[in-house]
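Here the structure is laid out as structure tokens; the discussion comes afterwards.
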Amino acid sequence: MLGQKKAEEAKKAETGTAAVIHTNYGDIHIRLFPDAAPKAVENFVTHSKSGYYNNTIFHRVIRKFMIQGGDPLGDGTGGESIWGKEFADEFSSLKHDKPYTVSMANAGPNTNGSQFFITTEKTVSTTQLGDLDIMQP
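Residue numbers (my numbering): 2 to 138.
Written out as structure tokens, the structure is:
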């Protein structure tokens, strides 16, 4: 049974629907959705297979919210896409309200490169919030 499960995971990884991030604290298994975010998945899988993410760190850690990685400089200022330039945001009906959801991290609209983040707790999605006026102190 265990061998069959590993074979299934390997097959998923080949087709770009699963990935495993090996860390000093254990493995993180990721399910990818190429139908919902084809460019993001292609970018992530290609970078992963080429070793682009090897020996990078989670440079941004916000306790009880998220961890962010994928920057080869390790400080949040670096990283480029497999196309050598930023790529457009991809939106889908998938929600980002559960722990362990993976998304592209960027500096604003259509600025995706190599960085990604993983939520570590349940989050409130914008569809749950609706339209809000944010008040600054």
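Glycine included, every Cβ here is placed at the ideal spot set by N, Cα and C. As the structure is a prediction and not an experimental result, all values here were calculated from the model.
Residue i, DSSP secondary structure in three states
i           : result
residue 48  : helix
residue 41  : helix
residue 104 : strand
residue 23  : strand
residue 30  : strand
residue 120 : strand
Cβ neighbour criterion (16 or more within 10 Å) applied to residue i
i           : result
residue 111 : exposed
residue 26  : exposed
residue 113 : buried
residue 108 : exposed
residue 23  : exposed
residue 30  : exposed
residue 89  : exposed
residue 51  : exposed
residue 103 : buried
residue 92  : exposed
Where the beta strand (DSSP E) through residue i begins and ends
i          : result
residue 60 : Per DSSP, residue 60 belongs to no beta strand (DSSP E) and is neither H nor E.
residue 69 : 67-70
Check whether residue i and residue j have beta carbons under 9 Å apart
i           : j          : result
residue 82  : residue 37 : no
residue 121 : residue 66 : yes
residue 79  : residue 54 : no
residue 148 : residue 34 : The requested residue 148 does not occur in the structure, where the chain is confined to residues 2 to 138.
residue 77  : residue 97 : no
Sheet register partners of residue i (DSSP bridge)
i           : result
residue 113 : 88
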